[in-house]
Amino acid sequence: MLWTVPLALLVLLLLQTHLCVCLRGLRAASSSSSRSRNATQQRLPGAIIIGVRKGGTRALLEMLNLHPDVEVAKAEVHYFNVEEHFRRGLAWYRAQMPFTLPGQLTVEKTPGYFASPQVPERVWEMNPAVRLLLIVRDPAERLVSDYTQVLHNRVTRHKPYQPLEELLLRQGHIDPAYKALQRSLYHQHLARWLDVFPREQVHVVDGEALIRHPFPELCRAERFLDLPPRIAPSNFYFNTTKGFYCLLSAGGHDKCLDESKGRPHAPLSSQAFRKLCGYFREPNRLFFEMVGRSFSWC
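Those letters in the sequence shown? Residues -22 to -1, 1 to 276, by mature numbering (1 follows the signal peptide of the UniProt record, and there is no 0).
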């Protein structure tokens, strides 16, 4: 049967051809998968919410995350203001960021950055073109909110605490050494940032306005970040139980801030609060001059 030999050779040739086609397909699939993995990467942030503490940084981050071109770091990283983290280097910092596609903006928020003297220079060295968002609120209200959070944490851990008035006043006068008060001296901290970054790279968000009417503030933030307008009034709805706006994503998922937001403030006498407002009058005026706008603070 001489015909069996050519037939066998033909079968072998067909099998070889089929095998080559399969291998090419596998290589193409592998290459496509590799390209897909390379497209989605952890990138250093193009924008950072630098503060202020208890000013609404979490609300601002969650609202920006409604934008399809924005991905946010889920936790505060504290890279630039905690030495143990900073010593780990930029590779560690990048590893804390979300995976993004080319063209998407990575945003990180750590409110402790604003008042830390070493941070502006470190951020500049990471990326001198990074955009900075500073959300502010009445500094007296911010101070009381700051104390309230510390108080809640100490009570939860069954630790002793001093009343706010004892920490804030010394012999009937405002104690300038109180750390929560120092964090509210916005003009001092902003001056350090403006020694390093041009004013146009710092966008100031009105924290009270963000809570009362979030959409206009988000529009301004979109423009500052060079993002196409994708956040709409329909992304917000007022929760009457909580007393502030909650978020509604394009997919129909709603999200409200956690229970620590809107927590009742610790008690402070009206007399002490008036003294606090008087103490902040001149620092606030200096801050207003620096940012070119004023706010309705006490």
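Think of the CB as a built atom: it goes at the ideal place given N, C-alpha and C, for glycine as much as any other residue.
Checklist entry - Between the segment 119 to 129 and the segment 26 to 46, do at least 3 Cβ pairs fall closer than 8 Å? => result yes
Next on the checklist: Assess contact between the segment 158 to 175 and the segment 94 to 101, defined as three or more Cβ pairs (one per stretch) separated by less than 8 Å. Is contact present?
Outcome noted: With a cut-off of 8 Å, the segment 94 to 101 and the segment 158 to 175 count as touching, because enough Cβ pairs lie within range.
Item to check | Assigned secondary structure, C224 (DSSP; H/G/I helix, E/B strand, else coil) | outcome: strand
Checklist entry - So who's on the other strand from N217, going by DSSP bridges? => result F222
Next on the checklist: Just list the residues that DSSP pairs D232 with in beta bridges.
Outcome noted: L226
Item to check | Where E49 falls: helix, strand or coil (DSSP) | outcome: strand
Item to check | Proximity winner among V60, A37 and N59, relative to V50 (alpha-carbon distances) | outcome: A37
Item to check | T84 - containing beta strand (DSSP E), residue span | outcome: Element bounds for T84: L83 to K87.
Next on the checklist: Taking a contact to mean a Cβ-Cβ separation below 8 Å, would you say L42 touches A228 in this structure?
Outcome noted: no
Checklist entry - Does the beta-carbon of E260 have 16 or more other beta-carbons within 10 angstroms, so that it is buried, or is it exposed? => result exposed
Item to check | Other residues of its chain near Q179: CB distance less than 7 Å, five sequence neighbours each side excluded | outcome: Around Q179: R109 and L110.
Item to check | Other residues of its chain near H63: CB distance less than 8 Å, five sequence neighbours each side excluded | outcome: V55, H56, Y57, W70 and Y71
Next on the checklist: Below 8 Å, how does it come out for the segment 78 to 85 and the segment 17 to 31: are there three or more Cβ pairs, yes or no?
Outcome noted: yes
Checklist entry - Just the Cα atoms here: how many angstroms apart are V85 and K137? => result The straight-line gap from Cα to Cα measures roughly 35 Å.
Checklist entry - Which value, in whole angstroms, describes the spacing of the CA atoms of G67 and K52? => result Going from the Cα of G67 to the Cα of K52 covers about 19 Å.
Item to check | Selection from Y125, S247, L44 and A73 that minimises the alpha carbon distance to G150 | outcome: S247
Next on the checklist: My output table needs one value for A6: the three-state DSSP class, helix, strand or coil.
Outcome noted: Bear in mind that a pLDDT of 46 at A6, under 50, signals an unreliable position, so the number given afterwards is only what the model happens to contain. Reduced to three states, the DSSP call for A6 is helix.
Checklist entry - Can the beta-carbon of H165 be found less than 8 Å from the beta-carbon of F265? => result Taking 8 Å as the cut-off, the beta carbon of H165 is found closer than this to the beta carbon of F265.
Next on the checklist: Considering only DSSP beta bridges, list what I113 is partnered with.
Outcome noted: V183
Item to check | Whole-angstrom C-beta distance between P46 and R201, which should lie under 8 Å | outcome: That pair is no contact at about 16 Å.
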